[in-house]
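Notes follow the structure.
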Amino acid sequence: MSAAPDPLELIELQARTLFHHDRDGRLTTINEPGGQPAPRIFFGQTAHGNIWRVRHDLPADLIAELETVFAGEPITTDLRQPSLSLQCLLDVLTEHAPAERVWQGPAWYVPESVAVPSDTEPVVLSDLELLSATFGGAIESWIDSAPCLAIMEDGRPVSACFSARTSAAASEAGVETLPAYRSRGYASAATAAWAQHVRALGRIPLYSTSWDNLASQQVARRLGLVLYGADLHIT
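Heads up: the sequence shown is residues 223 to 457, going by the numbering used here.
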């Protein structure tokens with residue numbers, strides 16, 4: 223069994239999986255169908271150091287101010303604490319335009335030791351129309367979701383884990399469970415099976431969520447995922 227990658231390598235990999243970058247390493251669009259603009263900043267913290275990215279269309283003087291704030295953020299050993307620079311970043315960005323959305327959350331690595339519970343049998347699901355009909359949303363949003371592993375009941379997926387965003391080296395998990403089927407361990411089982419398939423494709427399985435999504439965090443704890451970082455996105 224190989225050792226887990228370094229947290230800094232993982233947060234860099236996550237940034238490259240979540241967003242498209244230009245040749246200068248600046249954010250362009252979100253890595254999903256439709257290619258919506260990326261947030262104005264991505265700030266990733268780990269116990270081994272921090273990384274940051276700014277969107278390509280920000281003015282040079284604003285980028286310089288942001289870089290100064292980023293560089294002043296200390297390395298933390300408690301990833302559950304919010305960034306000390308958050309308010310300062312918001313103040314600097316407001317000089318350009320008011321912040322529309324602030325997103326913060328933990329990021330985990332799925333270790334090779336994570337196993338599918340013996341009492342469930344997730345299946346590979348490639349029927350995009352069935353996924354869309356069950357969980358809602360346009361079929362186009364599921365196009366790049368493979369592999370998708372689902373728990374099936376009565377001929378339909380009641381819980382599914384899919385590749386919400388994918389790069390050449392990694393995939394980020396997306397998990398959906400119908401309300402009536404939650405708290406049964408289905409999301410954990412589907413996520414474990416998804417991670418195994420992602421590894422078989424030669425990619426690293428990553429899992430992240432927001433700090434207010436307690437159900438998603440419970441899935442991570444139940445599976446024993448490795449917390450390696452915390453993300454801050456400001457649009």
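Backbone N, C-alpha and C define an ideal beta-carbon position, used for all residues, glycine too.
Contact set for residue i: own chain, Cβ-Cβ below 7 Å, skip 5 residues either direction
i, result
"Val441", "Val397, Ala409, Ser410 and Thr413"
"Pro229", "Thr268, Ala269, His270, Tyr450 and Gly451"
"Ile459", "Residue 459 lies beyond the stretch modelled for the chain, which goes from 223 to 457, so this question has no answer here."
Which listed residue (the options) has its alpha carbon closest to that of residue i
i, options, result
"Gly446", "Asp453, Tyr429 and Ala422", "Tyr429"
"Gly257", "Leu288, Arg443, Val314 and Ser363", "Ser363"
Three-way DSSP call (helix, strand, coil) for residue i in this model
i, result
"Cys310", "helix"
"Gln326", "strand"
"Ile273", "strand"
"Leu436", "helix"
"Leu284", "helix"
"Pro427", "strand"
"Val332", "coil"
Contact check, residue i vs residue j, beta carbons under 8 Å
i, j, result
"Phe265", "Ser305", "yes"
"Phe384", "Ser367", "yes"
"Leu392", "Thr239", "A small correction: the amino acid at residue 392 is Ala; Leu does not occupy that position in the sequence shown. Cβ atoms of Ala392 and Thr239: closer than 8 Å."
"Arg378", "Thr356", "yes"
"Pro427", "Trp416", "yes"
"Gln236", "Ala329", "yes"
"Ala226", "Tyr331", "yes"
"His318", "Leu371", "no"
6 Å CB neighbourhood of residue i in its chain, flanking five on each side removed
i, result
"Arg323", "Thr457"
"Trp274", "Phe265 and Phe292"
Classification of residue i by the beta-carbon crowding that lies within 10 angstroms, buried from 16 upward
i, result
"Thr316", "exposed"
"Arg277", "buried"
"Arg262", "buried"
"Val336", "buried"
"Glu394", "buried"
"Pro281", "exposed"
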